[in-house]
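Listed in order, the protein sequences are those of chains A and B. Heads up, the first sequence is in my numbering, so the first residue is 1 and it goes up one at a time. Heads up, the second sequence is in my numbering, so the first residue is 1001 and it goes up one at a time. Just below is one structure, and these are the notes that go with it.
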Amino acid sequence: MKIKVRDTGSVRIMDIEGKITIGSGDVELRKQVEDSIGAGRVNLLLNLGGVSHIDSSGIGEMVGCFTTLARKGGKMKLLNLTQKINDILQVTQLITVFDVFDNEAEAVASFK
Amino acid sequence: MLSSYENIELAEHVLAEMCSSNRVEDEVTYWVGMALREALANAVKHGNKLNPDKRVFVHMVLDPGAELRIEVEDEGEGFDPERVADPTVPDNLLRSNGRGIYYMRQFMDEVSFRSGERGGTRLELVKKLNGRRTQ
């Protein structure tokens, strides 16, 4: 899994590619989020358009990051869900928890 | 297979090859692959508790046009699947774990647990195969 990090105003965007699965991508995601919090960046937009697979461990990490950021006064939102990731979030009703966007500019503006 | 996360990738690759050579629809292969991944992750992490000396036994049988049957057995101490909470109830939505079995049940037609011959958990997953790829 690869994560490219870029900042737009107060929002940190993470472009994620590959798998967010147990033992690899899940740990990397957590580390990137911890690094962002350490840098004072607590508004995160995860661009999942390049994610081919995610499992329950990856989903769990996303939920954990979401709650951690909320405790820090920040927010985590999702961008460019693939149909399969959308389905995975739907079946566990997590789609009702996350703010989801198809347009990056609209997603960034929603943090204001 | 030995209890490591890397071997989950290997098993999933074997499943994908088996499905491809039997012209199983890609969509079916994807969701069965996710169920297999969840089953193996549970066996490695919760069953064998990441003990590299313990093994996970995987048995896959594909009857083209009929069904795909997968058995996963660990060498852990067994567990009661009825004790796993429903991850979709509001109080559990923000828990960071506890979704693996739920996903398996969503993506497979049959999911059953019983005690394995080695004292651990034996999980059986079945997917009915109603169609095949045309090419």
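We treat Cβ as the ideally placed atom computed from N, Cα and C, and that holds for glycine. In this text, all values refer to a predicted model and were calculated from it rather than measured experimentally.
Identify, in the order they occur along the chain, each residue of the same chain with its Cβ nearer than 7 Å to the Cβ of residue i, setting aside the five sequence neighbours on each side.
i, result
"L1050 of chain B", "S1003 and V1044"
"G25 of chain A", "M1, G18, K19 and G58"
"G1100 of chain B", "E1038, A1041 and N1042"
"N80 of chain A", "N47, L48, G49 and D102"
"D1086 of chain B", "N1092"
"F111 of chain A", "S10, V11, N43 and K75"
"A107 of chain A", "L45, K77, L79 and F101"
With distances taken Cα to Cα, identify the nearest neighbour of residue i among the options.
i, options, result
"N47 of chain A", "A:K77, A:D35, A:S56 and A:G60", "A:K77"
"D1080 of chain B", "B:Q1106, B:N1130, B:S1096 and B:R1114", "B:R1114"
"G1137 of chain B", "B:E1124, B:E1077 and B:V1111", "Here chain B has residues from 1001 to 1135 only, and residue 1137 of chain B is not among them."
"A109 of chain A", "A:K4, A:T8 and A:I3", "A:T8"
"D55 of chain A", "B:P1064, B:S1096, B:E1117 and B:L1125", "B:S1096"
"E1009 of chain B", "B:E1025, B:V1024, B:N1022 and B:V1058", "B:V1058"
"G60 of chain A", "A:S36, A:V27 and A:T82", "A:V27"
"T21 of chain A", "A:T82, A:Q90, A:M62 and A:R41", "A:M62"
"E1073 of chain B", "B:R1083, B:V1084 and B:L1125", "B:L1125"
"I37 of chain A", "A:L89, A:L69 and A:V91", "A:L69"
Taking DSSP as the reference, what is the three-state secondary structure of residue i?
i, result
"G49 of chain A", "strand"
"E1075 of chain B", "coil"
"N1022 of chain B", "coil"
"S57 of chain A", "helix"
"G18 of chain A", "strand"
"V1044 of chain B", "helix"
"M1 of chain A", "coil"
"R30 of chain A", "helix"
Could you pull out every residue in the same chain whose Cβ sits closer than 8 Å to the Cβ of residue i, ignoring the five residues on either side in sequence?
i, result
"L1015 of chain B", "T1029, V1032, G1033, L1036, M1060 and I1070"
"G1119 of chain B", "E1075, G1076, E1077 and G1078"
"E1098 of chain B", "The question names Glu, but residue 1098 of chain B is Gly in the sequence shown. Excluding sequence neighbours, G1098 of chain B sits near V1084, A1085, P1087 and N1092."
Near-chain B residues of the stretch 88 to 109 of chain A - C-beta to any C-beta below 9 Å = I88, V91, T92, Q93, L94, T96 and V97
query: Quick one, which residues of the stretch 1016 to 1028 of chain B are near chain A if we go by CB-CB under 8 Å, in chain order?
result: none
*asked:* Taking beta-carbon pairs under 8 Å, can you tell me which members of the stretch 1062 to 1096 of chain B lie near chain A?
replied: P1087, T1088, L1093, L1094, R1095 and S1096
Looking at chain B, which residues of the stretch 42 to 71 of chain A have a Cβ within less than 8 Å of any of its Cβ atoms? H53, D55, S56, S57, I59, G60, E61, V63, G64, F66 and T67
### Task
Output, in sequence order along the chain, the residues in the stretch 1096 to 1116 of chain B whose CB is closer than 7 Å to any CB in chain A.
S1096, N1097, R1099, G1100, Y1102, Y1103 and Q1106
Where the stretch 21 to 40 of chain A meets chain B: residues whose CB sits under 9 Å from a CB there: T21, I22, G23 and S24
Could you tell me which whole beta strand (DSSP E) segments of length 3 or greater appear in the stretch 1096 to 1130 of chain B? 1110 to 1115 and 1121 to 1128
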